[in-house]
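For the sequence shown, UniProt numbering gives the first residue as 1, with consecutive numbering after it.
For each residue, glycine too, the CB sits at the ideal point set by N, CA and C.
Notes follow the structure.
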Amino acid sequence: MHMLKQGTKTNQSKVGNCFHLSKSPMATSSSVSFLCLLLFLSPLLLNTVHGNPNYKEALLKSILFFQGQRSGRLPANQQITWRSNSGLSDGLLEHVDLTGGYYDAGDNVKFNFPMAFTTTMLSWSTLEYGKRMGPQLQEARAAIRWATDYLVKCANAKPGKLYVGVGDPNADHKCWERPEDMDTVRTSYSVSPSNPGSDVAAETAAALAAASMVFRKIDPKYSSLLRETARKVMAFAIQYRGAYSDSLGSAVCPFYCSYSGYKDELLWGASWLLRATNDAYYYNFLKTLGADDQPDLFSWDNKYAGAHVLLARRALVENDKNFEQYKQEAESFMCRILPNSPYSTTQYTQGGLMYKLPQSNLQYVTSITFLLTTYGKYMKARRQTFNCGNLMVSPNSLIGLAKRQVDYILGENPIKMSYMVGFGPNFPKRIHHRGSSLPSLASHPQSIGCDGGFQPFFYSSNQNPNILVGAIVGGPNQNDGYPDDRSDYSHSEPATYINAAMVGPLAYFAGLTAH
Numbered sequence: 001m002h003m004l005k006q007g008t009k010t011n012q013s014k015v016g017n018c019f020h021l022s023k024s025p026m027a028t029s030s031s032v033s034f035l036c037l038l039l040f041l042s043p044l045l046l047n048t049v050h051g052n053p054n055y056k057e058a059l060l061k062s063i064l065f066f067q068g069q070r071s072g073r074l075p076a077n078q079q080i081t082w083r084s085n086s087g088l089s090d091g092l093l094e095h096v097d098l099t100g101g102y103y104d105a106g107d108n109v110k111f112n113f114p115m116a117f118t119t120t121m122l123s124w125s126t127l128e129y130g131k132r133m134g135p136q137l138q139e140a141r142a143a144i145r146w147a148t149d150y151l152v153k154c155a156n157a158k159p160g161k162l163y164v165g166v167g168d169p170n171a172d173h174k175c176w177e178r179p180e181d182m183d184t185v186r187t188s189y190s191v192s193p194s195n196p197g198s199d200v201a202a203e204t205a206a207a208l209a210a211a212s213m214v215f216r217k218i219d220p221k222y223s224s225l226l227r228e229t230a231r232k233v234m235a236f237a238i239q240y241r242g243a244y245s246d247s248l249g250s251a252v253c254p255f256y257c258s259y260s261g262y263k264d265e266l267l268w269g270a271s272w273l274l275r276a277t278n279d280a281y282y283y284n285f286l287k288t289l290g291a292d293d294q295p296d297l298f299s300w301d302n303k304y305a306g307a308h309v310l311l312a313r314r315a316l317v318e319n320d321k322n323f324e325q326y327k328q329e330a331e332s333f334m335c336r337i338l339p340n341s342p343y344s345t346t347q348y349t350q351g352g353l354m355y356k357l358p359q360s361n362l363q364y365v366t367s368i369t370f371l372l373t374t375y376g377k378y379m380k381a382r383r384q385t386f387n388c389g390n391l392m393v394s395p396n397s398l399i400g401l402a403k404r405q406v407d408y409i410l411g412e413n414p415i416k417m418s419y420m421v422g423f424g425p426n427f428p429k430r431i432h433h434r435g436s437s438l439p440s441l442a443s444h445p446q447s448i449g450c451d452g453g454f455q456p457f458f459y460s461s462n463q464n465p466n467i468l469v470g471a472i473v474g475g476p477n478q479n480d481g482y483p484d485d486r487s488d489y490s491h492s493e494p495a496t497y498i499n500a501a502m503v504g505p506l507a508y509f510a511g512l513t514a515h
């Protein structure tokens with residue numbers, strides 16, 4: 001009711017303004033009525049443009065979210081102001097500087113495997129859709145750089161080591177405290193020739209290679225640093241084969257185990273280095289990897305579909321016959337996703353949302369939606385179609401499905417819930433996120449210890465005091481329902497990789513609706 005009262009009060013003041021306007025000697029009755037109508041409707045129009053969600057606003061917020069996940073010393077232009085400096089001694093136990101980077105989700109741990117994937121997807125979004133981003137292009141670059149500055153440190157801090165995370169996840173997850181108050185042990189984890197991690201190393205190489213292209217024209221020196229570091233890390237991934245989950249055990253499992261193995265990351269990392277360097281070495285390496293898996297999802301763990309779409313670009317856009325195999329694999333992936341395809345293995349809710357897995361389902365929706373949009377864009381460039389059995393697939397078949405997923409996430413769903421925090425009139429208010437659910441330092445300067453946040457805040461039914469603008473949560477259940485429950489982390493926890501994959505499609509649709 002409190003929200004409703006606020007809304008009523010705002011409209012009353014607008015009515016008052018109309019009343020004063022009508023007495024103005026400059027006003028005509030028709031101009032006043034039109035202005036009054038606009039004033040009444042403005043809250044309703046804010047999130048929609050021409051019957052579509054306001055993609056430009058959603059794009060801005062989807063990138064702004066990353067500021068709420070920042071670790072390290074925050075800059076003067078920080079816009080999410082309830083966050084403060086945190087993790088300033090990260091790396092100290094190892095006598096290295098590992099400050100910066102992002103907390104992955106609602107906790108205070110830096111897991112480089114999903115962070116690097118987040119960075120690759122933000123970079124891919126910027127490379128494919130930067131021209132449609134308008135003023136958000138600069139913000140996207142800043143979000144990428146916050147991650148790459150940290151990833152470069154992780155790669156170059158000590159010879160023969162790649163740091164892959166900071167913070168003991170088992171200790172951290174027992175606490176409910178602000179990142180600014182963090183007093184859990186900040187262990188640094190690394191892989192090396194004797195404890196390999198081809199998956200996390202190749203994903204880090206992919207992130208640095210993709211980002212090197214984002215900065216190529218605007219900061220050639222930085223771009224070169226990213227590219228050379230990517231080469232070095234990829235060489236380590238190739239030479240010392242092994243899964244990082246085997247090397248690091250409970251420091252990364254069950255949180256971000258490499259369930260799909262590391263071959264998909266070797267494919268993905270080499271694909272990005274091929275695009276960034278055009279070095280035939282990476283093409284030849286791809287050919288040594290043999291037959292690929294044909295999954296029906298794409299995520300921080302399983303990169304096959306993303307690599308197939310990325311490599312298919314050479315066949316589709318550049319007409320390079322050497323990449324025909326990847327085009328076929330990308331199309332076979334699309335045939336598993338399209339709801340009316342005879343080969344579809346993808347469930348949809350009654351409301352039309354792609355439903356892959358119960359844990360944080362929207363991570364798969366945003367990642368797959370990115371591939372639908374991007375492959376559709378490649379097809380459009382060459383006016384291509386393909387077939388799933390007897391179903392003819394046009395670029396608009398893919399882009400139309402992508403749009404339905406984006407619109408669902410932004411509130412066009414059976415319960416009219418926007419799954420992006422701070423977007424639209426109805427969005428999640430009790431997200432599973434420590435910083436958002438605990439009072440800010442400004443409002444509560446006293447430290448809140450490890451256990452101090454549970455009783456008054458975590459278990460409270462009150463709305464979170466700090467709005468993490470732009471955060472996309474795990475999403476609804478398979479019946480299109482959403483309980484908005486802080487303890488239900490499968491549905492109410494946001495994550496960097498959910499947002500990163502959404503940036504591209506939002507930029508695409510913002511560009512289409514620009515006037």
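Beta-carbon contacts of residue i that lie in its chain and below 7 Å, excluding the five residues immediately before and after
i    : result
N108 : G167, D172, P179, M182, R434
Y222 : F215
A58  : L410, M420, F423, L506
Y348 : P339, M354, Y355
N466 : W82, G435, S436, S440
Simplified DSSP assignment, three categories, for residue i
i           : result
S299        : coil
Q446        : coil
M133        : coil
Q347        : strand
G51         : coil
Y355        : strand
I80         : coil
I472        : strand
A291        : coil
H308        : helix
W176        : coil
F56         : Strictly speaking, residue 56 in this sequence is Lys, with Phe absent from that position. Looking at K56 - three-state DSSP - the assignment turns out to be helix.
D97         : coil
G197        : coil
Q405        : helix
Q455        : helix
residue 516 : There is no way to answer for residue 516, as the model of the chain reaches only from 1 to 515.
F509        : helix
R434        : helix
L92         : helix
W124        : helix
N426        : coil
N396        : helix
E412        : coil
I63         : helix
S212        : helix
6 Å CB neighbourhood of residue i in its chain, flanking five on each side removed
i    : result
A251 : Y189
W300 : P114, F117, Y497
F457 : S437, L438
T187 : D168
Y508 : Y129, T373
Unbroken beta strand (DSSP E) run spanning residue i, endpoints
i    : result
C388 : 386-388
M392 : 391-393
Range of the contiguous alpha helix (DSSP H) that encloses residue i
i    : result
Y150 : 136-156
F236 : 220-239
E265 : 263-277
C335 : 324-337
L438 : First-last for L438: undefined, no H or E at that position.
D320 : D320 -> no alpha helix (DSSP H), and no H or E assigned at all.
K380 : 362-381
Y244 : 244-248
A251 : No alpha helix (DSSP H) holds A251; DSSP gives it neither H nor E.
V185 : Neither: V185 is in no alpha helix (DSSP H) and is coded neither H nor E.
DSSP bridge partner residues for residue i (one or two, in chain order)
i    : result
K162 : Sequence inspection shows Leu at residue 162; the Lys mentioned does not correspond to that position. Partner(s): V191.
K110 : V166
R70  : Y102
S86  : G72
M420 : I472
Cβ neighbours of residue i in the same chain (closer than 8 Å, five flanking residues each side left out)
i    : result
Y343 : S332, C335, R336, C388, G389
L37  : With a pLDDT of only 37 at L37, under the threshold of 50, the placement of this residue in the model should not be trusted; the figure read from the coordinates follows. Correct list: empty, nothing qualifies.
### Task
Starting from the N-terminal side, write out each stretch of the alpha helix (DSSP H) that is 4 residues or longer and does not extend beyond the region 477-506.
489-492
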